[in-house]
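One structure below.
In the numbering used here, the protein residues as written are 441 to 684.
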C-alpha cells in the first residue's frame, strides 16, 4: 500500500493546528473578564455647628407702593444698624427677597365687578450669617426690637465643613471594605485589586425652631444641636480564588 506523501506545507499546517489546540483554553481563560464585587459603604460623623444662617426681614403696608416701600426701607435700615452693632459684618448680610405687592380686596359694586386695591405691602428679607452662636438669641432680640417682624427660618452649618466631611468619607471607605471582606469570605473567594471608586454623599443637620421673638422678654432660647455629615462610596473589587 502506498503511504500518503507529506509535504512541508502539510507538516507546518498540522503543527500550527496542534499548537492552537493547546493554547486556546489558556487564551480563553486569560481573556475572560474577572468576577467583581460592588459594595457601597456609608459613613457619618456628628459635629457641633459653628455657624447659623437667619432669614429675617420687615413687612410694612402703605396706601401707595412708594409709601409702603419707604416705611419698609426705614425700618429695615434700623434693623441692619442694630445687627451691625451686635457684631454682624457686612459680608454676612445679604438681601434675599424684596417685593412690593398690591392688597386686593373684594369686588366693587360697579358693573365691571373688578377687584380693587386697598393699599400695598412691601417686604424686604435679608439673610444673616451669625458666626458667634452664643450671641444668637441676643441678635434675634435686637433685630426684633428695632422693627424686624418677619422670621423665615434658621439653619445651622459649619464655617469649614471639610474636616468633618473627610472623616465621614474615611468611615465610608472603611465600611465598604468591611462589607466586601465579609461577602467575599462567605462566597469563598478573596478580594483582589480595586477596579473603581465613586463617591456620593450629603450634608445634613437639624433645623431647630425657635419661639416667637416678638413676645419674648428674655433672649430667644435656641438649641443648635449637632450636624450629621454623611458620605457614601461605591467600590468595585476584582475577586480571586483563594491561594493554596
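Cβ atoms here follow ideal geometry from the backbone N, Cα and C, with glycine treated the same way.
Note that the structure is predicted; figures quoted are calculated from it, not measured.
Check: First and last residue of the alpha helix (DSSP H) that includes residue 521?
Finding: Looking at the DSSP string, the run of the alpha helix (DSSP H) that includes residue 521 is 505-525.
Checklist line | Spatially closest choice to residue 604 from 668, 579, 682, by CA coordinates | finding: Of the listed residues, the one whose Cα sits closest to residue 604 is 668.
Checklist line | Buried/exposed call for residue 602, threshold 16 Cβ in 10 Å | finding: The residue is exposed, with fewer than 16 neighbouring Cβ atoms inside 10 Å.
Next item on the list: Count the other CB atoms, across all protein chains shown, that sit within 10 Å of the CB of residue 531; report buried if there are 16 or more and exposed otherwise.
Entry: It is exposed - the Cβ of residue 531 has fewer than 16 other Cβ atoms within 10 Å.
Notebook entry, point to check: Tell me which same chain residues have a C-beta within less than 6 Å of the C-beta of residue 599, skipping the five on either side of it?
Noted result: Excluding sequence neighbours, residue 599 sits near 490, 491.
Checklist line | Span separating the alpha-carbon of residue 498 from that of residue 579 | finding: Approximately 15 Å, taken between the alpha carbons.
Checklist line | Distance between residue 557 and residue 597 (C-alpha atoms, nearest Å) | finding: Straight across, the Cα-Cα distance linking residue 597 with residue 557 is about 42 Å.
Item checked: Which listed residue (510, 626, 511, 527) has its alpha carbon closest to that of residue 574 -> Answer by Cα proximity: 527.
Check: In terms of DSSP beta bridges, what is residue 542 paired with?
Finding: Its beta-bridge partners are 560.
Checklist line | Three-way DSSP call (helix, strand, coil) for residue 528 in this model | finding: Note: residue 528 maps to coil in three-state DSSP.
Checklist line | Same chain, Cβ closer than 8 Å to residue 623, five either side skipped, listed in chain order | finding: So the qualifying residues of the chain are 477, 479.
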